[in-house]
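Numbering (our numbering), first residue to last: 93 to 183.
Just below is one structure, and these are the notes that go with it.
See below:
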């Protein structure tokens with residue numbers, strides 16, 4: 093994937109994260125001393141000018157979020173299946 097396309101995809105994914113996940117992205121940005129601006133609409137930084145290291149750390153965190161979310165959804169499905177099986181067993 094082209095670097096620009098990958099960064100655009102990460103940008104779209106960041107927008108879809110829940111607030112605590114976005115806050116963790118901000119902590120990564122602050123820790124790495126990435127320049128950002130802040131106003132009443134939120135916190136902004138230039139994704140295209142991030143160092144490769146900063147971009148990789150953000151990308152890894154996003155991958156962690158998505159993996160954790162998928163595992164949570166899988167676990168909920170598993171629990172629902174068990175609940176249905178228990179109901180059928182009790183009938």
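No residue lacks a Cβ here, since even glycine has one placed at the ideal position from N, Cα and C.
Report the residue from the options whose alpha carbon sits nearest the alpha carbon of residue i.
i: residue 145; options: 136, 125, 135 and 158; result: 125
i: residue 108; options: 158, 183, 180 and 174; result: 158
i: residue 98; options: 110, 134 and 147; result: 147
i: residue 114; options: 177, 150 and 168; result: 150
i: residue 160; options: 110, 118 and 175; result: 110
i: residue 134; options: 95, 155, 106 and 123; result: 106
Indicate whether residue i and residue j have their beta-carbon atoms separated by less than 8 Å.
i: residue 121; j: residue 128; result: yes
i: residue 116; j: residue 153; result: yes
i: residue 103; j: residue 142; result: no
Does residue i pass the burial test, meaning 16 or more other C-beta atoms within 10 Å, or should it be called exposed?
i: residue 136; result: exposed
i: residue 168; result: exposed
Original post:
Mind pulling the beta strand (DSSP E) runs of 3 or more residues that sit fully within the segment 97-165?
Top reply: 128-131 and 134-137
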